[in-house]
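Chains A and B supply the protein sequences, listed in that same order. What the first sequence shows, in this note's numbering, is residues 248 to 789, in sequence order. What the second sequence shows, in this note's numbering, is residues 248 to 789, in sequence order. Think of the CB as a built atom: it goes at the ideal place given N, C-alpha and C, for glycine as much as any other residue. Since the structure comes first, as structure tokens, the remarks are kept for the end.
Protein chains: 2
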Amino acid sequence: MTAPQDPDRVLIFDTTLRDGEQSPGISLNTTEKLEIAHQLARLGVDVIEAGFPIASPGDFEAVQAIAREVEGPIIAGLARANPADVDRAWEAVRDAERPRIHTFVSTSDIHIVHQLQATREDVKGLARASVAQAKEYCEDVEFSPMDATRADLDFTAEVLQIAIDEGATTINIPDTVGYAMPQEYAEFLTTLYERVPELRDVVLSVHCHDDLGLAVANSFAGVLAGARQVECAINGIGERAGNASLEEFVMLLHTRAADVGLTTGVNTREIARASRLVSRLTGYAVQPNKAIVGRNAFAHESGIHQDGVLKERTTYEIMDATTVGLDANQLVLGKHSGRHALRAALEELGYQVDGQTLNTAFKRFKEIADKKKQVTALDLEALVTDELREEVAAYTMEWFEVEASSRRPPHATVGVRTPDGEVVQGAFTGDGPIDAIFRAINAATGLDARLRDFRVDAVTGGQDALGEVSVVVELGPNAGERIGLPGVLLRERATGAGQAVTTDIIEAAGIAYARALTNAVRRMQAQAADEASEPTAELATP
Amino acid sequence: MTAPQDPDRVLIFDTTLRDGEQSPGISLNTTEKLEIAHQLARLGVDVIEAGFPIASPGDFEAVQAIAREVEGPIIAGLARANPADVDRAWEAVRDAERPRIHTFVSTSDIHIVHQLQATREDVKGLARASVAQAKEYCEDVEFSPMDATRADLDFTAEVLQIAIDEGATTINIPDTVGYAMPQEYAEFLTTLYERVPELRDVVLSVHCHDDLGLAVANSFAGVLAGARQVECAINGIGERAGNASLEEFVMLLHTRAADVGLTTGVNTREIARASRLVSRLTGYAVQPNKAIVGRNAFAHESGIHQDGVLKERTTYEIMDATTVGLDANQLVLGKHSGRHALRAALEELGYQVDGQTLNTAFKRFKEIADKKKQVTALDLEALVTDELREEVAAYTMEWFEVEASSRRPPHATVGVRTPDGEVVQGAFTGDGPIDAIFRAINAATGLDARLRDFRVDAVTGGQDALGEVSVVVELGPNAGERIGLPGVLLRERATGAGQAVTTDIIEAAGIAYARALTNAVRRMQAQAADEASEPTAELATP
Numbered sequence: 248m249t250a251p252q253d254p255d256r257v258l259i260f261d262t263t264l265r266d267g268e269q270s271p272g273i274s275l276n277t278t279e280k281l282e283i284a285h286q287l288a289r290l291g292v293d294v295i296e297a298g299f300p301i302a303s304p305g306d307f308e309a310v311q312a313i314a315r316e317v318e319g320p321i322i323a324g325l326a327r328a329n330p331a332d333v334d335r336a337w338e339a340v341r342d343a344e345r346p347r348i349h350t351f352v353s354t355s356d357i358h359i360v361h362q363l364q365a366t367r368e369d370v371k372g373l374a375r376a377s378v379a380q381a382k383e384y385c386e387d388v389e390f391s392p393m394d395a396t397r398a399d400l401d402f403t404a405e406v407l408q409i410a411i412d413e414g415a416t417t418i419n420i421p422d423t424v425g426y427a428m429p430q431e432y433a434e435f436l437t438t439l440y441e442r443v444p445e446l447r448d449v450v451l452s453v454h455c456h457d458d459l460g461l462a463v464a465n466s467f468a469g470v471l472a473g474a475r476q477v478e479c480a481i482n483g484i485g486e487r488a489g490n491a492s493l494e495e496f497v498m499l500l501h502t503r504a505a506d507v508g509l510t511t512g513v514n515t516r517e518i519a520r521a522s523r524l525v526s527r528l529t530g531y532a533v534q535p536n537k538a539i540v541g542r543n544a545f546a547h548e549s550g551i552h553q554d555g556v557l558k559e560r561t562t563y564e565i566m567d568a569t570t571v572g573l574d575a576n577q578l579v580l581g582k583h584s585g586r587h588a589l590r591a592a593l594e595e596l597g598y599q600v601d602g603q604t605l606n607t608a609f610k611r612f613k614e615i616a617d618k619k620k621q622v623t624a625l626d627l628e629a630l631v632t633d634e635l636r637e638e639v640a641a642y643t644m645e646w647f648e649v650e651a652s653s654r655r656p657p658h659a660t661v662g663v664r665t666p667d668g669e670v671v672q673g674a675f676t677g678d679g680p681i682d683a684i685f686r687a688i689n690a691a692t693g694l695d696a697r698l699r700d701f702r703v704d705a706v707t708g709g710q711d712a713l714g715e716v717s718v719v720v721e722l723g724p725n726a727g728e729r730i731g732l733p734g735v736l737l738r739e740r741a742t743g744a745g746q747a748v749t750t751d752i753i754e755a756a757g758i759a760y761a762r763a764l765t766n767a768v769r770r771m772q773a774q775a776a777d778e779a780s781e782p783t784a785e786l787a788t789p
Numbered sequence: 248m249t250a251p252q253d254p255d256r257v258l259i260f261d262t263t264l265r266d267g268e269q270s271p272g273i274s275l276n277t278t279e280k281l282e283i284a285h286q287l288a289r290l291g292v293d294v295i296e297a298g299f300p301i302a303s304p305g306d307f308e309a310v311q312a313i314a315r316e317v318e319g320p321i322i323a324g325l326a327r328a329n330p331a332d333v334d335r336a337w338e339a340v341r342d343a344e345r346p347r348i349h350t351f352v353s354t355s356d357i358h359i360v361h362q363l364q365a366t367r368e369d370v371k372g373l374a375r376a377s378v379a380q381a382k383e384y385c386e387d388v389e390f391s392p393m394d395a396t397r398a399d400l401d402f403t404a405e406v407l408q409i410a411i412d413e414g415a416t417t418i419n420i421p422d423t424v425g426y427a428m429p430q431e432y433a434e435f436l437t438t439l440y441e442r443v444p445e446l447r448d449v450v451l452s453v454h455c456h457d458d459l460g461l462a463v464a465n466s467f468a469g470v471l472a473g474a475r476q477v478e479c480a481i482n483g484i485g486e487r488a489g490n491a492s493l494e495e496f497v498m499l500l501h502t503r504a505a506d507v508g509l510t511t512g513v514n515t516r517e518i519a520r521a522s523r524l525v526s527r528l529t530g531y532a533v534q535p536n537k538a539i540v541g542r543n544a545f546a547h548e549s550g551i552h553q554d555g556v557l558k559e560r561t562t563y564e565i566m567d568a569t570t571v572g573l574d575a576n577q578l579v580l581g582k583h584s585g586r587h588a589l590r591a592a593l594e595e596l597g598y599q600v601d602g603q604t605l606n607t608a609f610k611r612f613k614e615i616a617d618k619k620k621q622v623t624a625l626d627l628e629a630l631v632t633d634e635l636r637e638e639v640a641a642y643t644m645e646w647f648e649v650e651a652s653s654r655r656p657p658h659a660t661v662g663v664r665t666p667d668g669e670v671v672q673g674a675f676t677g678d679g680p681i682d683a684i685f686r687a688i689n690a691a692t693g694l695d696a697r698l699r700d701f702r703v704d705a706v707t708g709g710q711d712a713l714g715e716v717s718v719v720v721e722l723g724p725n726a727g728e729r730i731g732l733p734g735v736l737l738r739e740r741a742t743g744a745g746q747a748v749t750t751d752i753i754e755a756a757g758i759a760y761a762r763a764l765t766n767a768v769r770r771m772q773a774q775a776a777d778e779a780s781e782p783t784a785e786l787a788t789p
């Protein structure tokens, strides 16, 4: 919850579902975004930037669903500085307990000239109008001068003054290119404070990118200069090298609290789960040497972290796996565990599972428990996340057979259930068994999808680990002609991502591929249906 | 090359092969370490910390080989502050063009009491003796007060004075726990300069860890405070959250040269290749949103990076994929390319391949070219790296057959060539086809290895991408009894990593597993043979 009266409280603004979701290859459906949003609420973030409602009908739907369902954090929707965007953003967030409209316009001459093809005067007008319009709808209005760190400081100050005059309650300063250095960024903010004294009456926010590995350091420098909102994302996902990692910034404040004296509202024990969920649903791996949430983050030598006699100069809150919730592997079920035990275990993980969903989950749990000696909390989490994906699959791999050998080319046959409910069959002899399964699915469905990314990770370690397969496919104009969707306009390519979790990699690969296909087809249909919007790929954002 | 007379030149000390190699699950053989070292030389680092010679015979051998073969950078070996370590380090590096001994001892009371079980006076004596001993051997001596950022500053200053008196030419200040903040770290260095004026006559070095996401920021703050050596690693690998990323620090200086005015000797166009090589050989993935070398680092929206009119406050060297060498995908061969074209392409990539090695490479190239329309430079690089691994495999999977189906459990049969040269056969019906192949290899070899990690990445995008499989296995005391190695002492577990690249994932998995097995067996033999050394896992380092 926000406690704006506390001068030492830093607000955490999570943009995983907006800036993060714009990263290449990520495509989350509404159910998946809701799941992440619920975890963000459990995590205790102050603001969830749920999306960019004008970008597509799917984006709008997700922001609206989150606004309606997720309690606790402020729910924000992004809008460019024009009436249609602001209207759309309001429509999407209006049902939230605490809605926010976040509007932005570029203040750097590079952007004004090349992207907006406008003038500085135009920009001032756009800022004035969009903040005023947002304020008609909503008390809580945030304004960002995009690409501020490359903009003329005096001009930026003028624009900020306008935004504040029109009622903006949060002013966010993005380092859009990601090239700022900490001292310089702090000085930029300090100078803005001098030029625009009323900046002290609103919340100053920072939004830093990690192109030079300084996103957290810049955010920290900004906070020390007076900013009290940090825009960040789980696992640091986002455009290019990503946004500031939420978990890194939060744990920096937590660990150095005695010296820095600033707090957030984040429940650190939910960090690991948030990280896993986002990684799993986006298909974006977290490297082993990632701070806080990497596999090795707490794999340390004995002696390094003994909290013994500490010297007077500095004091540390030593963080360990428990602090960030990485000890979730203690829960263990076995093949004799019953439905009740499963339900209780899932509840402890935060999932309310009943009725048919529980039956399905129990059936899958039994299949896994038969093969694995122990089913851990991580396995269960993967299983439930996988079930979330299952509900929305339109193409489903029903069965498969593959022969792989070093002596002859691998041959695969599959049966795929289509959206109409019928099961079609396909076969292929490929370069490898996975390749053969993918092409067999193409043959069965008649969709000429191309594989763009393929990855396999083990959910937990060990011989009998569950394997998690991530697949990204692409459909293009050529393919569209064979989709057979009436009236589909074929201007764009569409990508779709799919993941699956089983003990059998080939099976998981096939299931993931079918899901990716489903998402790609849906995206293509959405793009075709939404004639008025610009394609999402061209919407440059802070 | 080092140009110590230039006050604006920052020396890059790469510790990928020492701090990096200590990360969990990484096991590099000498050939692989040499390959990395040669790439580091091409990259233009000033110092290569090639390893920790006392840690094991394998470590010693690798440091010595690098010292003997790699020209250009200073070659450093690490040593604790005792005579045996320093002797051993000298033995390993003495044949280098420019050898360095890097010795260290903890100065924090937590370490002195708990790790060393000693006193501050003892530590002063150890520092004096080890630097003096090293100086007898070698002009170039580096000294690190380990865990300095948690140590009493005055005591640390005393120890540094001693080290300088005995002839240390580089003083390195590690933030061993990784909890320092930039301003604080800079102040620590500034205060050390005040307490120890002669610090200005040597090279001050920084060594930062990324536990709070501040490794690069702290290194940068240190350099602004006067340090002129930065210890870092490719892809930021290293203990826990890793070391400062070499590529991030270098590109920070490069991009902001106009404002910061400091340079390194690094050839930035070799960065991407270094990153791929280290990622491939260590099995450590680089996440998509990793700065500089992540897959998305330069996947940016149009308009964001237009180098148009820049304002007077700051100037940027805009970096793009070409700057860091990420455009290596232009080279393309096809199935009609001959041996000569292959050789030329490999040369362009920096590999001198002739004779039998060229024949083998050509054969594999042809196999791949038959399956893929185009073979790119990335594919070739993967192929050559794979060949490097091939040379040292003792257990090799000769052939396999797998039947996978959703209707019955997968069955695998394999033929494995053992170190004796005979081919043994094994079969297994498993939970999945990969599981079945692994257990079939276990059955064939009689080795009860356990799978600890398994990952698959695509080398290049696309339907016909090469798949790269990474496997880590573990052998333990139980297994050792069945190894049948005479006189093998079975106190320790041993892990081994293996990777393989083919278009067929199942095949690659089997090949990688056999390699991992080979490395694990060798490591167990090395551990058993080396009675006198402490097990590597207990050697805490800066």
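Is it buried or exposed for residue i, if we count other Cβ within 10 angstroms and need 16 for buried?
i	result
Arg447 (chain A)	exposed
Arg586 (chain B)	exposed
His583 (chain A)	exposed
Val670 (chain B)	exposed
Glu595 (chain B)	exposed
Ile295 (chain B)	buried
Arg475 (chain A)	buried
DSSP state of residue i, grouped into three classes?
i	result
Glu669 (chain B)	coil
Arg341 (chain A)	coil
Asn228 (chain B)	With chain B covering 248 to 789 only, the question about residue 228 (chain B) has no answer from this structure.
Thr438 (chain B)	helix
Leu605 (chain A)	helix
Thr366 (chain A)	coil
Asn276 (chain B)	coil
Gln746 (chain A)	strand
Asp480 (chain B)	Sequence check: residue 480 (chain B) is Ala here, not Asp. In this structure, Ala480 (chain B) counts as strand in the three-state DSSP scheme.
Thr643 (chain A)	strand
Val631 (chain A)	helix
Could you round the C-beta distance between residue i and residue j to whole angstroms and report it? I think they count as a contact, below 8 Å.
i	j	result
Thr665 (chain A)	Thr692 (chain A)	7 Å
Lys537 (chain A)	Gln534 (chain B)	7 Å
Gly541 (chain A)	Ala488 (chain B)	6 Å
Gln746 (chain A)	Ala761 (chain A)	Not really, about 11 Å apart at Cβ, beyond 8 Å.
Beta-carbon within less than 6 Å of residue i's beta-carbon, same chain only, minus the 5 sequence neighbours each way: which residues are those?
i	result
Ser355 (chain A)	Asp394, Arg397 and Ala398
Gly319 (chain B)	Ala288
What residues in its chain sit with their C-beta under 8 Å from that of residue i, if we drop five residues either side in the sequence?
i	result
Arg516 (chain B)	Thr569, Thr570, Val571 and Gly572
Take residue i and list the residues in its own chain whose beta-carbon comes closer than 7 Å to its own, dropping the five residues that flank it on each side.
i	result
Ala472 (chain A)	Ala433, Leu436 and Thr437
Arg375 (chain B)	Ile409 and Glu413
Legend entry - Interface residues of the stretch 496 to 519 of chain A facing chain B [CB-CB below 8 Å]: Answer set for the stretch 496 to 519 of chain A: Phe496, Met498, Leu499, Thr502, Arg503, Asp506 and Val507.
Inset, instruction - Determine which residues of the stretch 674 to 685 of chain B have a Cβ less than 8 Å from any Cβ of chain A, and write them out in chain order. - result: Contact annotation: in the stretch 674 to 685 of chain B, residues whose CB is within less than 8 Å of a CB in chain A are Asp678, Gly679, Pro680, Ile681, Asp682 and Phe685.
Inset, instruction - Could you list the residues in the stretch 449 to 471 of chain B with a C-beta less than 7 Å from some C-beta on chain A, going in chain order? - result: Of all residues in the stretch 449 to 471 of chain B, Asp457, Asp458, Leu459, Gly460, Leu461, Val463 and Ala464 have a Cβ within less than 7 Å of some Cβ in chain A.
Inset, instruction - With 9 Å as the C-beta to C-beta threshold (strictly closer), list the residues of the stretch 420 to 444 of chain B near chain A in chain order. - result: Within the stretch 420 to 444 of chain B, the residues whose Cβ lies closer than 9 Å to some Cβ of chain A are Thr423, Val424, Gly425, Tyr426, Ala427, Met428, Pro429, Gln430, Glu431 and Phe435, listed in chain order.
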